[in-house]
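Chemist: First, the structure itself, so that you have it in front of you.
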Amino acid sequence: MTTGSWLVADLLAGLLATAGWLGAGATSIIGRRRLTAGLALLALLATVTRVVTVVALTRAGWWFAAEKVLIAGPLTLAALVGLVLRRRVAFLFAGYATGAGLLVTVLDGYPVSAGVGLLAVAGVAAASAITLRGPAPRSSRAAAVTAIAALVVGTGLAAAPGAPPAVHHDHAVAAPGVGEPTKRFTLTAAAGADGVWAFNGQVPGPEINALVGDVIEVTLRNRDIGRGVTLHWHGYDVPNSQDGVPGVTQEAVLPGQEFVYRFRADQAGTYWYHTHSASDIGVRKGLYGVLVVRAGPVAGVDIAVPVHTLAGRLVPVPATSVKPGTSVRLRLINTDSDPHRYALSGAPFRVVAIDGVDLRGPASLVDTAVGIAAGGRYDLAFTGPAVLQVDGRTVWGTGEAATDSWPVLDPLRYGEAAPVPWSRFDRSFTLVLDRGLDLRGLLPRYAHTVNGAADPDIPVQVVRSGEIVKFTVVNRSLVVHPWHLHGHHVLVLSRDGRAASGTPLWLDSFDVRPGEVWEVAFVADNPGMWANHCHNLPHAEAGMMMHLLVD
Ligand code: C2O
Ligand code: CU
Numbered sequence: 000m001t002t003g004s005w006l007v008a009d010l011l012a013g014l015l016a017t018a019g020w021l022g023a024g025a026t027s028i029i030g031r032r033r034l035t036a037g038l039a040l041l042a043l044l045a046t047v048t049r050v051v052t053v054v055a056l057t058r059a060g061w062w063f064a065a066e067k068v069l070i071a072g073p074l075t076l077a078a079l080v081g082l083v084l085r086r087r088v089a090f091l092f093a094g095y096a097t098g099a100g101l102l103v104t105v106l107d108g109y110p111v112s113a114g115v116g117l118l119a120v121a122g123v124a125a126a127s128a129i130t131l132r133g134p135a136p137r138s139s140r141a142a143a144v145t146a147i148a149a150l151v152v153g154t155g156l157a158a159a160p161g162a163p164p165a166v167h168h169d170h171a172v173a174a175p176g177v178g179e180p181t182k183r184f185t186l187t188a189a190a191g192a193d194g195v196w197a198f199n200g201q202v203p204g205p206e207i208n209a210l211v212g213d214v215i216e217v218t219l220r221n222r223d224i225g226r227g228v229t230l231h232w233h234g235y236d237v238p239n240s241q242d243g244v245p246g247v248t249q250e251a252v253l254p255g256q257e258f259v260y261r262f263r264a265d266q267a268g269t270y271w272y273h274t275h276s277a278s279d280i281g282v283r284k285g286l287y288g289v290l291v292v293r294a295g296p297v298a299g300v301d302i303a304v305p306v307h308t309l310a311g312r313l314v315p316v317p318a319t320s321v322k323p324g325t326s327v328r329l330r331l332i333n334t335d336s337d338p339h340r341y342a343l344s345g346a347p348f349r350v351v352a353i354d355g356v357d358l359r360g361p362a363s364l365v366d367t368a369v370g371i372a373a374g375g376r377y378d379l380a381f382t383g384p385a386v387l388q389v390d391g392r393t394v395w396g397t398g399e400a401a402t403d404s405w406p407v408l409d410p411l412r413y414g415e416a417a418p419v420p421w422s423r424f425d426r427s428f429t430l431v432l433d434r435g436l437d438l439r440g441l442l443p444r445y446a447h448t449v450n451g452a453a454d455p456d457i458p459v460q461v462v463r464s465g466e467i468v469k470f471t472v473v474n475r476s477l478v479v480h481p482w483h484l485h486g487h488h489v490l491v492l493s494r495d496g497r498a499a500s501g502t503p504l505w506l507d508s509f510d511v512r513p514g515e516v517w518e519v520a521f522v523a524d525n526p527g528m529w530a531n532h533c534h535n536l537p538h539a540e541a542g543m544m545m546h547l548l549v550d
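So the sequence shown is numbered by numbering that gives the first Met the number 0: it starts at 0 and just counts up by one.
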């Protein structure tokens, strides 16, 4: 069983136990003894099951189980003691205690804090006080006193300043001189009648093509997008001032304004650009396009296939005629916020690059699908013609093929290995991804969190230029998080404790599935304040956005 399924199993068992105890409590009050016994038995079985799930989660990593062991565990023990002592409200008390432990997992998670533990105790005591009022006034009073004391101390601890305030985004690094532009583009963002937002009236926006050595200049204009527009060169490690993150590297370009981006094309590969202002809405509505840098002139067919869902439909890819025997390079780009499954049928193929970086010794593949994270890119090379399907629908070439049962390539086991270039790390950070209640803003929200905090309260990660930095990214939530660091590519070291054994994988976007633990590392060699976030853009908007300062 994967850690992700243990997380789900534990949640279900917790729900069942809570419902069982509460049900037993309620039915015992109205005197339905058989039903009470049945529900109590169910709750007991679910509780025993949780011992198994919590042990499995602890073994997968303390991050997955901490609050279950330290808060839900003692609460469950207290409940069991109550049952053994056969107090009047023992069933209901067990329900409250189990439910409170569950709420701690769902609303707070990792890291565990004493404040939250006490708030859980306060909740259980308060509920017990109310239940006991009629039948046992003295116990009710004791419970009420406990509730108030735990509430006061717990609130004090939970509200105490924890994380230091976010560093101000005033570390703008001057743009290096890149010389006279050799490739000029103008992109004008405007809203269309049909709810689509487009650059130069087209979705995707104009393709930006350059050769290594070119100096690219892009003038961004905003006609009427009230929320502002910027251009972020996704996966292309530009100097910080050109990175296009509003409020961090520049101000958003408002209607009637413009901004000029200029950078050197020196990293051949497949990239894309998109607005980073109100990005969850802007990108979804169409403010994105392809950026391809080539090392030399095109041989054969070499095209980008950006996959994007617009109003529930895939944006069509222009057809290309491919004569038998033509060598083809398809540059697959996932511009959506969810992962896609791509299947190429009709020809053996190799994955020659991922996220703009060439792979070492990629073997030929047949009947194998590839999964691309939100924001990620895979370049496939083959001798055409062939048919490309995305999530079972043909998007390029003609024909249908049954590809649903194909295994998905694991890039960590593909291609030829090379030793990791570093043996020690100057800094290590752990990012535990989860959901949680965020009370710091004006309105409480159920945020996507990193280490229990949501943007803008996640502390900035500060490193020195030139340092080798390791990230451990842990997903203890129930949804996939495509992680994306700006300004750098990270080398994958391991996933779930198993070292990557294939080609060196330098990624800028990688899917961390529920229960997974990824270790990646990079050289912090691009000075400035960089966004570091989940590329499921609604998640980023809901808090899963942080910053890395390379000083
Ligand atoms: Cu493609 Cu910060 O994003
Ligand atoms: Cu996410």
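Using N, Cα and C, we set each Cβ at its ideal position, and we do this for glycine too.
In this text the structure is predicted, and so the values were computed from the model without any measurement.
Secondary structure at Ser276, three-state DSSP: helix, strand or coil?
Modeler: Of the three classes helix, strand and coil, the one that applies to Ser276 here is coil, per DSSP.
Chemist: Helix, strand or coil for Val282, going by three-state DSSP, please let me know.
Modeler: Three-state result, Val282: helix.
Chemist: With distances taken between CB atoms, is the gap from Thr334 to Val300 smaller than 8 angstroms?
Modeler: Their beta carbons are not under 8 angstroms apart, which means Thr334 does not touch Val300 by this criterion.
Chemist: Kindly give me the distance between the Cβ atoms of His480 and Leu441, rounded to whole angstroms, as I take these residues to be in contact under 8 angstroms.
Modeler: Not a contact, Cβ separation roughly 25 angstroms.
Chemist: Which class does Ile215 belong to by DSSP, given the choice of helix, strand or coil?
Modeler: Strand, per DSSP.
Chemist: What are the boundary residues of the beta strand (DSSP E) that includes Gly116?
Modeler: Element bounds for Gly116: not the beta strand (DSSP E) but the alpha helix (DSSP H), Ala113 to Leu131.
Chemist: Strictly by DSSP, which residues pair up with Arg263?
Modeler: Answer is Val214, bridged to Arg263.
Chemist: When DSSP labels each residue in this structure, what does Ala340 get in the three-state scheme?
Modeler: According to the sequence provided, residue 340 is Arg. The question's Ala does not apply to it. Looking at Arg340 - three-state DSSP - the assignment turns out to be strand.
Chemist: State yes or no: is the C-beta of Gly374 within less than 8 angstroms of the C-beta of Thr502?
Modeler: Against a cut-off of 8 angstroms, the Cβ pair of Thr502 and Gly374 comes out as no contact.
Chemist: If we call anything under 8 angstroms between Cβ atoms a contact, is Tyr223 one with Ala277?
Modeler: Before going on, a small fix: residue 223 reads as Asp here, not Tyr. Taking 8 angstroms as the Cβ cut-off, Asp223 and Ala277 do not qualify as a contacting pair.
Chemist: Could you check if Gln460 is buried or exposed, using at least 16 other CB atoms within 10 Å of its CB as the buried criterion?
Modeler: Per the 10 Å Cβ criterion, buried.
Chemist: Taking the alpha-carbon positions, what's the Val47 to Val53 distance?
Modeler: Roughly 10 angstroms between the two C-alpha positions.
Chemist: At the level of alpha carbons, what is the spacing between Phe424 and Asp524?
Modeler: In a straight line, the C-alpha of Phe424 is about 14 angstroms away from that of Asp524.
Chemist: Nearest-angstrom Cα distance between Leu506 and Ala372?
Modeler: Those two C-alpha atoms are separated by around 10 angstroms.
Chemist: Am I right that Ala530 and Val247 are in contact with their C-beta atoms under 8 angstroms? What's the rounded C-beta distance?
Modeler: 6 angstroms between Cβ atoms; contact.
Chemist: State the Cα-Cα distance for the pair Gly527 and Phe90, rounded to the nearest angstrom.
Modeler: Taking the straight line from one Cα to the other gives about 57 angstroms.
Chemist: Beta carbon of Gly374: closer than 7 angstroms to some heavy atom of ligand 1?
Modeler: Answer for Gly374: yes, Cβ within range of ligand 1.
Chemist: Check whether the stretch 116-128 and the stretch 136-152 are in contact - that is, three or more C-beta pairs closer than 8 angstroms.
Modeler: Judged by Cβ distances under 8 angstroms, the stretch 116-128 makes contact with the stretch 136-152, as three or more pairs qualify.
Chemist: Distance, Cα to Cα, Thr308 vs Val314?
Modeler: Each residue's alpha carbon lies about 6 angstroms from the other.
Chemist: What are the boundary residues of the alpha helix (DSSP H) that includes His538?
Modeler: Counting along the chain, the alpha helix (DSSP H) containing His538 begins and ends at Leu536 to Glu540.
Chemist: Please classify Val472: is it buried, with 16 or more other beta-carbons within 10 angstroms of its beta-carbon, or exposed?
Modeler: Val472 comes out buried.
Chemist: How close, in whole Å, do the beta carbons of Ala368 and Leu430 come, if the pair is a contact with beta carbons under 8 angstroms?
Modeler: About 28 angstroms separates the two Cβ atoms, so there is no contact after all.
Chemist: In the DSSP assignment, find the beta strand (DSSP E) that holds Leu436 and state where it starts and stops.
Modeler: Run containing Leu436: Arg426 to Asp437, per the beta strand (DSSP E) assignment.
Chemist: Short check: CB of Gly553 to CB of Thr2, under 8 angstroms?
Modeler: In the structure displayed, the chain extends from 0 to 550; residue 553 sits before or after that span and is not available.
Chemist: Apart from the five residues on each side of it in sequence, which residues of its chain come closer than 6 angstroms, Cβ to Cβ, to Trp421?
Modeler: Correct list, in chain order: Ile467.
Chemist: Give the range of the beta strand (DSSP E) segment to which Ile353 is assigned.
Modeler: Ile353 -> beta strand (DSSP E) spans Phe348 to Ile353.
Chemist: Determine the closest residue to Thr274 out of Gly81, Leu504, Arg426 and Trp196, with distance taken between C-alpha atoms.
Modeler: Closest by alpha carbon: Trp196.
Chemist: Return the CA-CA distance between Val111 and Ile70, expressed in angstroms with no decimal places.
Modeler: Taking the straight line joining both Cα atoms gives about 8 angstroms.
Chemist: At a cut-off of 7 angstroms, would you count Ala78 as near ligand 1, judging by its Cβ distance to the nearest heavy atom?
Modeler: No, the Cβ of Ala78 stays beyond 7 angstroms of every heavy atom of ligand 1.
Chemist: Pick from Leu102, Leu43 and Arg132: whose alpha carbon is nearest that of Leu79?
Modeler: Nearest of Leu102, Leu43 and Arg132 to Leu79, Cα basis: Leu43.
Chemist: Work out the CA separation of Ile353 and Gly345 for me, nearest whole Å.
Modeler: In a straight line, the C-alpha of Gly345 is about 22 angstroms away from that of Ile353.
Chemist: Can you say whether Asp543 is buried or exposed, counting buried as having 16 or more other CB atoms within 10 angstroms of its CB?
Modeler: Sequence check: residue 543 is Met here, not Asp. Buried, since its Cβ has 16 or more Cβ neighbours within 10 Å.
Chemist: DSSP three-state label for Asp454, please.
Modeler: Looking at Asp454 - three-state DSSP - the assignment turns out to be coil, as it is neither helix nor strand.
Chemist: Three or more C-beta pairs closer than 8 angstroms, one from the stretch 393-406 and one from the stretch 477-495: is that the case here?
Modeler: No: fewer than three Cβ pairs fall under 8 angstroms.
Chemist: Go to Asp510, then tell me how far its beta strand (DSSP E) extends in each direction, as first and last residue.
Modeler: Run containing Asp510: Ser508 to Val511, per the beta strand (DSSP E) assignment.
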